[in-house]
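K.L.:
If you want my numbering, it's the position in the sequence shown, counting the first as 1, plus 2.
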Amino acid sequence: MTLGDPVSQPHVLVVGGPAGTGKSTIAELLSKHFQCPFTEGDLLHSAENVAKMSRGEPLTDDDRWGWLKNLSEVSTAKAFDQSNTSNVSIVSCSMLKKVYRDYIKQVANESQHNGKIVFRFIFLYTSFEELLQRVGQRQNHYMKSDMVKSQYDIMEIPLGDELLSAGGEALSVDTSAKSPDSIYKEIIDNLTM
3 MTLGDPVSQP HVLVVGGPAG TGKSTIAELL SKHFQCPFTE GDLLHSAENV
53 AKMSRGEPLT DDDRWGWLKN LSEVSTAKAF DQSNTSNVSI VSCSMLKKVY
103 RDYIKQVANE SQHNGKIVFR FIFLYTSFEE LLQRVGQRQN HYMKSDMVKS
153 QYDIMEIPLG DELLSAGGEA LSVDTSAKSP DSIYKEIIDN LTM
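(1) Take residue 121 and list the residues in its own chain whose beta-carbon comes closer than 6 Å to its own, dropping the five residues that flank it on each side.
(2) Among 124, 71, 66, which residue has its Cα nearest to the Cα of residue 109?
(3) Taking 8 Å as the cut-off, does the stretch 149-164 touch the stretch 13-27 (at least 3 CB pairs, one atom from each stretch)?
(4) Give me, in chain order, the residues of the same chain whose beta-carbon lies closer than 6 Å to that of residue 115; leave out the 5 immediate sequence neighbours on both sides.
(5) Using the three-state DSSP reduction, which class does residue 176 fall into: helix, strand or coil?
(6) From what residue to what residue does the alpha helix (DSSP H) around residue 85 run?
(7) Just to confirm my understanding: we take residue 33, look at its own chain, exclude 5 residues before and 5 after, and list those with CB closer than 6 Å. What are they?
(8) Under a three-way DSSP split, which group does residue 170 fall into?
(9) Does the distance from the C-beta atom of residue 45 to that of residue 54 stay below 8 Å?
(10) Do you know whose CA, among 82, 73, 132, lies nearest residue 176's CA?
Next comes the structure, spelled out in structure tokens:
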């Protein structure tokens with residue numbers, strides 16, 4: 003993969019992990035690399051979800067399905083947009099569970115893009131203590147440090163046959179004590195399109 007080279011088949015890169023892993027920062031770096039659109043997944047949450055999280059209440063699976071559907075549809079549409087010459091779309095999304103990753107793909111495969119879109123899931127993770135520290139330093143974000151435990155507790159890091167190295171669609175990246183640039187480089191070095 004070289005800078006600016008379009009891929010032949012439309013791709014959606016979903017940058018995920020719990021709050022505080024650097025999803026938005028890494029997604030922005032990847033967006034610059036591929037010269038493609040980036041969708042901030044947090045902005046696609048319903049007002050009800052944002053209000054719930056602002057009150058310190060963790061989202062349930064039922065709260066997430068509509069958000070994940072919207073996220074899949076928006077990011078897939080951007081990958082197919084005629085003005086997007088890279089054929090790549092990047093979206094940030096916690097995608098904490100395998101069932102969420104599967105659902106994001108399922109929504110796209112049930113649309114007119116069935117079989118014509120490739121998903122890559124880039125899962126960022128670190129220790130619980132580091133997540134607490136990072137989220138505690140945030141300003142003006144509805145996800146507060148008291149919500150980190152609920153995300154950490156349900157987190158399913160892609161392993162085994164989910165991984166690109168085993169023929170899957172996911173790349174798991176430990177972000178502990180790494181700079182955004184080193185995380186970005188690790189992703190670019192290991193991502194297959």
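Glycine included, C-beta positions come from ideal geometry on N, C-alpha and C.
P.N.:
Short version:
(1) Position 119 of the sequence shown, counted from the first residue, corresponds to residue 121. Taken in chain order, the residues that qualify are 14, 107, 171.
(2) Your numbering for residue 109 matches position 107 in the sequence shown. If we check each option's Cα against that of residue 109, 71 comes out closest.
(3) yes
(4) Numbered from its first residue, the sequence shown carries residue 115 at position 113. 78.
(5) Counting from one through the sequence shown, the residue named residue 176 turns up at place 174. Strand, per DSSP.
(6) Taking the sequence shown and counting its residues from 1, one reaches residue 85 at position 83. It is not in any alpha helix (DSSP H) - residue 85 carries neither H nor E in the DSSP assignment.
(7) What you label residue 33 is simply residue 31 of the sequence shown in a count that begins at 1. Counting only Cβ-Cβ distances below 6 Å, and skipping sequence neighbours, we find 40, 92.
(8) Walking along the sequence shown from the start, residue 170 turns up at place 168. If DSSP states are grouped into helix, strand and coil, residue 170 belongs with coil.
(9) Position 43 of the sequence shown holds residue 45. Position 52 of the sequence shown holds residue 54. No.
(10) By 1-based counting over the sequence shown, the position of residue 176 is 174. It is 132 whose Cα lies nearest to the Cα of residue 176.
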